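Read through the structure below, which is laid out as structure tokens, and then see the notes.
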Amino acid sequence: MPARPIDIARKFGISTTTLRHYEDLGMVPPVMRSPNGYRIYTDEHIAYFICIREMMQGFTLSEITGMLKLVMEDKLDEALWAANKAQAELQNDKYICGQVRERFLHGKKTAASKELSIDAVSKATGVVPSTIRYWDKVGLISASRCAANNYRTFTQAHIDEILMIQAMKLAMRARGEKYAVEQLRKEMDQLDFKDTDKISAIVTGIEKHLAMRNRAQIGSISGLYKLCIQAEEKRYEGW
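Numbering-wise, this note's numbering comes out as the position in the sequence shown, counting from 1, plus 2.
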């Protein structure tokens, strides 16, 4: 049943400008217009708007847009896998917190060993090689170079630094702050790696944030799944 923009806006407690913004981002299927120029929203559009509102608790607009465009292209499984990927990234953040706890608070560090490759360090920390290279480039860490091939080499101390840099980055996100290298550098300069009370507080704060995001994402994925089923059956419930 066709609906007016104002009706949908009132239903969700948002403005018609917000609806147009979603439309401009490509988050809903193309909208038809009446002879007098008014937008005509169908049950299909309403289903997308419902999904958007449900998903906003767990994902960014950019992430939601990417998933919904896949739904519109009938790539339903790809859309669900994209949501799964976001969950995997959240799980990796949780792994990093666990590694920080193990190494800094429980003293469970691997004994000093030979130089480590960037792939080995990435596996140990959960931080992707491209990020590690970038941090080395901007001076957040200082990797050595192998004399034979000039490849970056790392030590256990680098693993500590990388884990803590990522933890501080996650802490900034948990506080709602935008990630910035200089702010990260400042916080790292002020951090004492032996201050277990402060590190414990940082990790606990991150873990609480991740737990909330996990709940929000799971609820959001439920909304995406419902839309995928409707899209697959070509039968939209509206409201």
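Note that the Cβ used here is the ideal one computed from N, Cα and C, for glycine as well.
Given the structure is predicted, the values throughout are model-derived calculations rather than measurements.
query, result
"Cα-Cα separation, E80 to S64", "16 Å"
"Given 8 Å, three or more beta-carbon pairs between the segment 174-187 and the segment 18-33", "no"
"Residue burial classification, D121 (beta-carbon count within 10 angstroms, cutoff 16)", "exposed"
"Three-state class that DSSP yields for M29 in the structure shown", "coil"
"Beta-carbon proximity list for I42, same chain, < 6 Å, skipping 5 on both sides", "P4, M34, S36"
"Other residues of its chain near R105: CB distance less than 8 Å, five sequence neighbours each side excluded", "K111, I161, D162, L165"
"Nearest residue (CA-CA) to Y97, options A213, F51, E235", "A213"
"Reduced DSSP secondary structure (H/G/I, E/B, other) of Y153", "coil"
"Ordered list of alpha helix (DSSP H) runs contained in the segment 131-182, each at least 4 residues", "131-139, 158-176"
"Identity of the residue in V30, G221, I66, R154 nearest E117 by Cα", "R154"
"Paired residues, beta bridge with L107 - DSSP", "Per DSSP, none; premise fails for L107."
"DSSP bridge partner residues for M34 (one or two, in chain order)", "I42"
"Bridge partner(s) assigned by DSSP for L118", "F156"
"Straight-line gap, Y238 to E46 (C-alpha atoms, nearest Å)", "5 Å"
"Within 7 Å, strictly: CB atoms of C99 and E179", "no"
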